[in-house]
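Under the working numbering, the first residue of the sequence shown carries the number 39, and numbering increases by one thereafter. Every residue, glycine too, gets a C-beta built ideally from N, C-alpha and C. The structure appears below as structure tokens.
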Amino acid sequence: MLERKQVKGRTQVTFVLPAHTPDGPVSVVGDFNHWNPAAHPLQPRGDGTRAATVALPRHSTHSFRYLAAGDYWFNDETADSQDGPNSRLHT
């Protein structure tokens, strides 16, 4: 799930997944972090989910995916669109 919030000319996008689906560590990787799995690991939240927040320019489009343990790549079903193997979001 994607949560968006407008802050000072930027869009804060929070990438949210259930706490244990899939099991193990998960990172959000995309063109906004040079596809670096260490840049935005999802962290546990008090509501039983885990999340990572990224500030992106308004009116921009970005490709991303999730990377879980065991080199398991997957997309976000709530993304704005899909572009080949990647999820897409529009700020």
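- In the DSSP assignment, Thr-87 falls within the beta strand (DSSP E) that extends over 87-95.
- Apart from sequence neighbours up to five positions away, the residues of its chain that approach His-128 with a beta-carbon distance below 7 angstroms are Thr-99, Asp-118, ordered along the chain.
- Leu-55 and Ala-89 have their C-alpha atoms some 6 angstroms from each other.
- In this structure, the alpha-carbon of Tyr-104 lies about 21 angstroms from that of Pro-95.
- Annotation for Phe-112: the continuous beta strand (DSSP E) segment containing it runs 110-112.
- Here Tyr-110 has Pro-60 as same chain residues with Cβ atoms under 7 angstroms from its own Cβ, once five neighbours each way along the sequence are excluded.
- The closest CA to that of Gln-81, considering only Val-92, His-72, Trp-73, is found on Val-92.
- By the neighbour-count definition (other C-beta atoms within 10 Å, threshold 16), His-72 is an exposed residue.
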